[in-house]
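My numbering numbers the first residue of the sequence shown as 90 and each following residue consecutively. For each residue, glycine too, the CB sits at the ideal point set by N, CA and C.
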Amino acid sequence: MTPKLTALIIEDEKSIRSFIETTLNANGYKVYTAASGQEGLSFATSNCPDVILLDLGLPDIDGLQVIRQVREWSILPIIVISARTQEKEKVAALDAGADDYITKPFGTSELMARIRTALRHHHLQASAPGKMPSPIYQYGGLIIDYEKRLVTLEGQTIHLTQIEYKLVTLLARHSGKVLTYDYIINQIWGPYADNNNQILRVNMAHIRRKLEANPAEPQYIFTEIGVGYRMQESQIE
Ligand code: CA
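As structure tokens, this is what we get:
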């Protein structure tokens, strides 16, 4: 089983929230929902979704504030669900860092198309600017197919948890470069995560047991003591 894409819906209107949740579930997403901005922010930092669907008119804090706070630590795609017809608010949302918006009422195909587009752009943006990113990481017997979300070692599928998969692909997309503990923790768990590296170390130990023939002498992911981790540079540009 490959890890599912995860989506967070921040929307106080129950009927719209349920509609989006049902649509995304039917399309294979793991879905989290929140009915307020604060609840949404707390879910975003603890569950690290792949995409956020965000209503601008929330009962507690403004949707723009949610965008700004998420943008302090993540470039994950944010699609605004807008009931507002004013261009001004949509522009403000995009200026604040939203990737796109969808105006109520909308259908399932339009919703899925917006999400696919945002994820594709995110995929490009997350790589070197101006350069088409390779859809595959490969070094020796290890292959990561980002589009299929599939990790294989010597032809065998490696089963990773969602967090493990996020860690491996974060390192793979920056392969050859050291990533600090803080950078990794910020990227995976957000800045409000516990600052100690224990959760990262535990996850890295699990990953090594799955990927490395001898975890004490790793071939793929190296520890830079006191600094962070470095993944063997991909043989595919
Ligand atoms: Ca609302």
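What is the rounded straight-line gap between the Cα of residue 149 and the Cα of residue 248?
What you label residue 149 is simply residue 60 of the sequence shown in a count that begins at 1. What you label residue 248 is simply residue 159 of the sequence shown in a count that begins at 1. The alpha-carbon atoms of residue 149 and residue 248 are separated by roughly 40 Å.
DSSP three-state label for residue 316, please.
Translated into positions along the sequence shown, residue 316 becomes position 227. Three-state result, residue 316: coil.
Under a Cβ-count criterion, where at least 16 other Cβ atoms within 10 Å of its own Cβ denotes burial, should residue 313 be classed as buried or exposed?
The residue you call residue 313 lines up with position 224 of the sequence shown. It counts as exposed.
Among all residues, which have a Cβ less than 7 Å from at least one non-hydrogen atom of ligand 1, and in what chain order do they fall?
100, 101, 102, 144, 146, 147 and 172
Please state the DSSP three-state secondary structure of residue 321.
Looking up residue 321 in the sequence shown gives position 232. Coil at residue 321, not helix or strand.
Range covered by the alpha helix (DSSP H) that runs through residue 111
Stepping through the sequence shown from its first residue, residue 111 is reached at position 22. Segment 103 to 115, the alpha helix (DSSP H) holding residue 111.
Answer with buried or exposed for residue 157, where buried requires no fewer than 16 other C-beta atoms within 10 angstroms of its C-beta.
The residue given as residue 157 occupies position 68 in the sequence shown. When all chains shown are included, residue 157 counts as exposed.
Pick from 297, 103 and 278: whose alpha carbon is nearest that of residue 319?
Position 230 of the sequence shown, counting from 1, holds the residue named residue 319. Of 297, 103 and 278, the residue nearest in Cα terms is 297.
Rounded to whole angstroms, what is the Cα-Cα separation between residue 217 and residue 258?
What you label residue 217 is simply residue 128 of the sequence shown in a count that begins at 1. What you label residue 258 is simply residue 169 of the sequence shown in a count that begins at 1. Any reading at residue 217 must be qualified, since the residue scores a pLDDT of 49, below 50, and its modelled position is unreliable; no value is offered.
Same chain, Cβ closer than 7 Å to residue 260, five either side skipped, listed in chain order
By 1-based counting over the sequence shown, the position of residue 260 is 171. Same-chain partners within the cutoff: 268, 310, 318 and 320.
If you reduce the DSSP assignment to three classes, tell me which class residue 333 lands in.
Since the first and last residues shown for the chain are 90 and 326, residue 333 lies out of range.
Mind checking who residue 227 pairs with in its DSSP beta bridge?
Counting from one through the sequence shown, the residue named residue 227 turns up at place 138. Residue 227 pairs with 232.
Can you pull the DSSP bridge partners for residue 191?
In the sequence shown, the residue the question calls residue 191 occupies position 102. BP columns for residue 191 point to 170.
Are there 16 or more other CB atoms within 10 angstroms of the CB of residue 184, so buried, or fewer, so exposed?
In the sequence shown, the residue the question calls residue 184 occupies position 95. By the neighbour-count rule (16 or more Cβ atoms within 10 Å), residue 184 is not buried but exposed.
Runs of 4 residues minimum, wholly inside the region 256 to 308: which ones carry the alpha helix (DSSP H) assignment?
270 to 278 and 287 to 300
Mind checking which residues open and close the beta strand (DSSP E) that includes residue 141?
Mapped onto the sequence shown, residue 141 falls at position 52. Note, residue 141: beta strand (DSSP E), 140 to 144.
Supposed close pair residue 100, residue 139 - CB separation, criterion 8 Å:
Position 11 of the sequence shown, counted from the first residue, corresponds to residue 100. Position 50 of the sequence shown, counted from the first residue, corresponds to residue 139. The pair is not a contact, with the Cβ atoms about 17 Å apart (cut-off 8 Å).
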